[in-house]
Amino acid sequence: MPRVENRKIAEMFNEIADLLDIDGDNPFKVRAYRNAARTILGYPRQMTDLVDEGFDLTSLRGIGKEIAKKITEIVQTGKLAYLEKLRKTHPPQLEDLLKVPGLGPKRVRLLHELLHINSLEDLEKALHEGKLQNIPGFGEKLIAKIENGIQTRRYEAHRFKLSEALPVAEWIVKILKKTKGAMHVEIAGSLRRRKETVHDIDLVAACEETNDTMVYFLNLPKIQKIVMKGNTRSTILLENGMSVDLRLVGVENFGATLHHFTGSKAHNITLRKMAVEKKMKINEYGIWQGKKRIGGEKEQDIYDAFGMQYIEPEMRENRGEIALAQKHALPKLILQSDIKGDLHMHTSYSDGLVPIKEMALQAKALGYEYIAITDHTQHLKVAHGMDEKQLQKQLEEIDALNETLEGITILKSAEVDILEDGSLDMSQSVLAALDLTVCSVHTKFNLSREKQTQRILKAMDNPHFTILAHPTGRLIGLREPYDIDMEAVMQKAKEHGCMLELNAQPDRLDLNDIHCKMAKETGVRIAVSTDAHSLNDLELMRYGIWQARRGWLEKENVVNTLSLPALQKLLRTIKG
DNA sequence: GCCGTTTTCGGCCCGACTGTTTTCAGTCG
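Using this note's numbering, you'd call the opening residue of the first sequence number 1 and step up by one each time.
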């Protein structure tokens with residue numbers, strides 16, 4: 001029986017929700033399925049394993065008796081009879097229509113019933129033939145919106161990498177901060193939560209009553225079109241395809257609005273439910289006790305109203321942070337200033353751009369105590385991997401540099417290839433001369449889950465194995481992670497005291513947030529590393545730190561927060 | 001379908017904007 005991933009189970013529940021929604025079924029039932037999907041997607045362990053262990057699924061938030069039964073059925077049979085039945089009564093591509101801007105469940109149902117439109121193709125044809133005018137509630141503008149959405153393929157939900165969206169957002173914030181009447185301008189939304197990908201940019205501005213902020217926003221350069229225009233809220237589409245939302249409020253409401261638009265939606269919903277229980281109300285304008293407004297100028301006001309700790313944006317995903325904040329037991333998230341070194345980088349010995357010395361001096365300028373030089377090894381020909389002789393030469397150069405350089409120590413290392421059979425592609429005697437190794441899979445991504453997992457577990461059995469680099473091999477939006485049993489990998493890492501990397505390259509961010517949390521819970525240390533190939537790349541550390549914070553990591557969970565002596569002591573115990 | 005220190009029924013987050021209407025439903029975040 002193939003293992004069913006959490007992602008697949010969540011997809012199935014979302015499909016059920018879509019179909020029930022189109023049927024006009026109880027909206028709260030629809031929401032229950034979506035909530036369950038979200039819980040499953042964000043859960044650090046696989047449902048398959050939980051079912052195997054006889055774990056009580058109803059103890060998870062949003063999962064009751066019925067959905068627990070359905071999860072068990074999916075895990076055990078790979079299918080769900082209820083969903084199969086729903087699929088039989090609906091055309092297979094009907095739910096695609098929900099993605100078209102302007103179309104929700106009600107309108108999709110109308111299109112289906114009145115015009116037998118069952119797919120995007122059908123919709124396009126009906127538009128050409130001018131049939132939509134006949135449907136009640138479909139006026140000229142709505143039809144134009146649908147037509148435009150279809151033409152520009154707006155239904156293909158494109159997501160931008162954090163590193164693509166953040167500079168654009170920062171550019172706009174800088175402009176808006178200078179406008180007349182603007183008091184604060186902040187990034188909100190998933191971008192503020194530092195999610196690895198975002199689908200749009202959300203901004204919140206606190207302004208005096210008379211201000212130029214909205215006018216400037218609507219007249220920014222590089223606007224493709226104005227999607228929506230209001231006194232307090234507007235949306236623009238930039239030429240590069242990014243959608244930007246600006247919300248304008250008075251200073252007294254700024255905290256509540258910033259909180260509202262930072263989300264996540266699930267986090268906000270949980271807080272609002274708590275408010276209702278206490279006869280309070282939270283909305284974008286503040287927090288109320290009965291008719292009395294008790295706060296809203298600062299985000300902190302909202303958490304104060306419940307006697308809770310302030311929750312950092314990166315944690316607001318409704319993954320248990322609210323319960324911890326109530327107990328005043330939130331983790332103290334790692335800061336970039338906790339980082340004392342970088343344990344993964346390349347030089348001109350392999351595919352990096354500059355010599356060792358330049359990397360070392362740049363690292364020193366960043367305030368680091370140490371770096372590890374980790375050039376590729378011989379097996380990786382495309383990256384000019386070093387043979388043992390070249391590595392030997394590099395080690396001598398590092399010795400010489402360590403003699404002369406002040407204030408920074410260069411550790412000897414290499415990014416060693418893990419071969420298909422789980423062996424490392426350098427001899428044991430050479431590996432023994434290194435301070436640490438960074439080991440990675442660069443080939444044969446398509447092995448079966450069983451073989452890929454065994455490959456890595458066997459590599460970890462090598463006494464010279466220190467850190468597993470970019471553990472899932474994914475490239476965001478380009479390459480799926482390879483199939484491995486991450487729980488088994490983490491268990492093995494824990495046994496041997498070796499570590500997993502959080503690769504800070506914005507297109508990797510590998511481990512992801514959920515796996516980071518899992519590593520913390522398992523008791524496995526993480527190395528947050530830039531995998532730099534140039535001087536500028538060393539500054540990618542911030543992306544790694546944000547992802548680490550999303551994974552609830554604290555200073556103690558991250559190995560490169562250790563001082564040099566502490567790190568060296570730890571490395572000796574792993575080797576010994 | 002889920003949930004419960006007002007528990008096994010009766011609720012379920014909240015508001016802006018749009019378009020098509022004459023007072024509001026649908027969509028969106």
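We put the beta carbon where it would ideally sit given N, CA and C, even for glycine.
Boundaries of the alpha helix (DSSP H) in which S563 is found, first to last residue
No alpha helix (DSSP H) holds S563; DSSP gives it neither H nor E.
For L475: DSSP bridge partner residues:
R479
Which parts of the stretch 511-550 are runs of the beta strand (DSSP E), unbroken and 3 residues or longer, counting only runs that do not cross its ends?
526-529
Note down the Cα distance separating H464 from I71, rounded to an integer number of angstroms.
41 Å
Taking G523 as the reference, which of Q491, A323, L540 has the closest Cα?
Q491
Check whether the Cβ atoms of R550 and D507 sit closer than 9 Å, and answer yes or no.
no
Taking the beta carbon of P355 as the centre, do at least 16 other beta carbons fall within 10 Å, making it buried, or is it exposed?
exposed
Using CA coordinates, which residue listed in M47, A182, R192, K195 is at the minimum distance from C207?
A182
Inspect the beta-carbon positions of T262 and A188 and report whether they are closer than 9 Å.
yes
I302 vs G250 beta-carbon contact at 9 Å:
no
Whether H260 touches E317 by CB criterion (9 Å):
no
What are the uninterrupted segments assigned as beta strand (DSSP E) that are 3 or more residues long and contained completely in the stretch 291-332, given in chain order?
292-295
If I follow the unbroken beta strand (DSSP E) through T235, where does it start and stop?
233-238
What's the gap between the Cα of P27 and the Cα of I16?
12 Å
Buried or exposed for P92, going by 16 or more other Cβ atoms inside 10 Å?
exposed
Quick one: which unbroken beta strand (DSSP E) runs of 3-plus residues sit fully inside the stretch 171-204? Chain order, please.
182-188
Please name the residue or residues paired with V108 in a DSSP beta bridge.
None, per the DSSP bridge assignment.
Per DSSP, Y82 is paired with what?
Per DSSP, none; premise fails for Y82.
Roughly how far, in whole angstroms, is the beta-carbon of K161 from the beta-carbon of I476, given that I think they are within contact range, below 8 Å?
6 Å
What three-state label does DSSP hand Y216 in the structure shown?
helix
Is it a yes or a no for the stretch 453-460 touching the stretch 517-535, going by three-plus beta-carbon pairs under 8 Å?
no
The stretch 78-87 contacting the stretch 46-64, beta-carbon criterion three pairs below 8 Å:
no
Are the beta-carbon atoms of D531 and A548 separated by less than 9 Å?
no
Cα-Cα separation, E95 to G24:
13 Å
Please list the terminal residues of the continuous alpha helix (DSSP H) segment that includes Y368.
Segment: none, Y368 is in no alpha helix (DSSP H) and carries neither H nor E.
What are the partner residues of D485, as DSSP defines its beta bridges?
Looking at the DSSP assignment, D485 forms no beta bridge with any residue, so it has no partner.
Just checking, does the stretch 280-295 make contact with the stretch 225-243 on the three C-beta pairs under 8 Å criterion?
no
Which residue from L419, L502, K79, Q568 puts its Cα closest to that of L436?
Q568
Q392 by DSSP, collapsed to three states: which one?
helix
Given a cut-off of 9 Å, decide if I9 and A37 are closer than it, judged by their beta-carbon atoms.
yes
Should the stretch 407-414 be regarded as contacting the stretch 360-380, the criterion being three or more beta carbon pairs within less than 8 Å?
yes
Give the DSSP-derived three-state secondary structure of D461 in the structure shown.
helix
Checking the sheet assignment: what are the DSSP bridge partners for A372?
L411
R542: which of Q452, H379, Q336 sits nearest, CA to CA?
Q336
Check whether E554 and K332 have beta carbons under 9 Å apart
yes
Quick check on the DSSP output: the beta strand (DSSP E) that includes D245 runs from which residue to which?
243-249
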